[in-house]
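Beneath this line is the structure, given in structure tokens, with notes to follow.
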Amino acid sequence: MPKTASKRAQARKEAKVYRAHQTPTEQPTERRALPSGGRRPGSRTGNRGILQDYPWAITIAVLLLVGLAVLVAHQQRWFVWAPPAPPSQARCNTSTHICNKAPLNVLVANKAYTATIKTSKGDIVLQLDTKSSPSFANSFVFLAENGFYNGLTFWKVERLNQVSPETNQTSNIDLIQGGKGGDAQGGPGYSLKPESAKGTYTLGVVAMANPSQFFINTADNSQA
Numbered sequence: 005m006p007k008t009a010s011k012r013a014q015a016r017k018e019a020k021v022y023r024a025h026q027t028p029t030e031q032p033t034e035r036r037a038l039p040s041g042g043r044r045p046g047s048r049t050g051n052r053g054i055l056q057d058y059p060w061a062i063t064i065a066v067l068l069l070v071g072l073a074v075l076v077a078h079q080q081r082w083f084v085w086a087p088p089a090p091p092s093q094a095r096c097n098t099s100t101h102i103c104n105k106a107p108l109n110v111l112v113a114n115k116a117y118t119a120t121i122k123t124s125k126g127d128i129v130l131q132l133d134t135k136s137s138p139s140f141a142n143s144f145v146f147l148a149e150n151g152f153y154n155g156l157t158f159w160k161v162e163r164l165n166q167v168s169p170e171t172n173q174t175s176n177i178d179l180i181q182g183g184k185g186g187d188a189q190g191g192p193g194y195s196l197k198p199e200s201a202k203g204t205y206t207l208g209v210v211a212m213a214n215p216s217q218f219f220i221n222t223a224d225n226s227q228a
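Structure below.
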């Protein structure tokens, strides 16, 4: 019995060793943790991935933004689309009686204009013809409103058949003239295009000799 039991134990041991050599050893599986967020290395996600896949989209997006900015600037009249500054009105020096340029329009449409000239001999009231001579009437009104005529005199007085103070010849007209400016031509520093006003130089008619000077016919000069 002891011998038989020993043989059985020996047989079981040999069988166990045999099975151990016949069963392949299972290798442990290596598991790698994914990067944070569960993305694999090199994967593209979100806007960054879209832009990497479609680089031309950046150009289109920039062009759209620039176009939108230009459209808004144009509609709002900004930058180069801003309206030009309104022209400035003329300025006059009442000491030298010279203006820097011809005045912008100051006349009100369909308004009747009169002017009162105060002299040492009394007041002279004039009615202005703004329809036949709009530029010269506008000049007269502008100068009067800005004090241009203050302190000026009637520097020229012509008497029929008397010696003219200007030509030293016998005069064939009868008038008084004032409003002499400070430039070389006796004007206000600017000129105006001539206007062919209708009318004759009869008694009491007023006419402009230049943009500032005016004369009053003190007799009928229509035949002169």
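Just so you know, the sequence shown maps onto residues 5 to 228 in the working numbering.
Glycine is no exception: its CB is placed at the ideal position from the N, C-alpha and C atoms.
Handout entry: Distance between A77 and K160 (C-alpha atoms, nearest Å)
Key = 59 Å
Practice task
Determine the burial state of G191: buried for a count of at least 16 other Cβ atoms within 10 Å of its Cβ, exposed for fewer.
Solution key: buried
Problem - Reduced DSSP secondary structure (H/G/I, E/B, other) of T174 - result: strand
Exercise for the section: Taking the CB atoms as reference points, tell me whether T222 and L179 lie closer together than 7 Å. Expected result: yes
Handout entry: Endpoints, the alpha helix (DSSP H) within which G71 is located
Key = 60-80
Handout entry: the segment 130-141 touching the segment 195-215, judged by at least three CB pairs closer than 8 Å
Key = yes
Problem - Residue range of the unbroken alpha helix (DSSP H) whose run includes V145 - result: Following the DSSP letters along the chain, one finds V145 inside the alpha helix (DSSP H) bounded by residues 138-149.
Problem - L179 - partner residues in DSSP beta bridges - result: E162, N221
Problem - Host beta strand (DSSP E) of V129 (start-end) - result: 126-131
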